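Engineer: Residue numbers (full-length UniProt numbering): 1 to 71.
Cβ atoms here follow ideal geometry from the backbone N, Cα and C, with glycine treated the same way.
Owing to the predicted nature of the structure, the values given are computational and were not obtained by experimental measurement.
Let me give you the structure first, and then I'll get to my questions.
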């Protein structure tokens with residue numbers, strides 16, 4: 001029967017080269033904070049079909065709709 005044992009861990013060591021971008025990380029991107037001005041009047045819709053393709057809106061696009069804004 002094999003014998004099990006525990007090895008101590010003393011910490012982590014760096015492997016490879018550090019990233020040149022290290023230290024320049026931004027906060028996580030919060031799309032809700034960027035796109036929603038009126039939460040009670042805003043909803044999201046997923047487009048089905050390509051009837052708005054000429055406008056750059058394709059099948060599967062997600063639209064942010066704020067019904068408090070006049071088009």
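#1: Would you list the one or two residues that DSSP bridges to residue 42?
#2: Under 6 Å Cβ to Cβ from residue 34, same chain only, skipping five residues before and after it: list those, please.
#3: For residue 24 and residue 9, what's the separation of their Cα atoms in angstroms?
#4: Rounded to whole angstroms, what's the CA-CA distance from residue 29 to residue 57? Just pull it up for me.
#5: Quick one: Cα of residue 17 to Cα of residue 62, how far?
Structural biologist: The relevant details are as follows:
#1: Residue 42 pairs with 66.
#2: Excluding positions up to five away in sequence, the list is empty.
#3: Taking the straight line joining both Cα atoms gives about 30 Å.
#4: Going by the C-alpha atoms only, they are around 23 Å apart.
#5: So the alpha carbons of these two residues sit roughly 39 Å apart.
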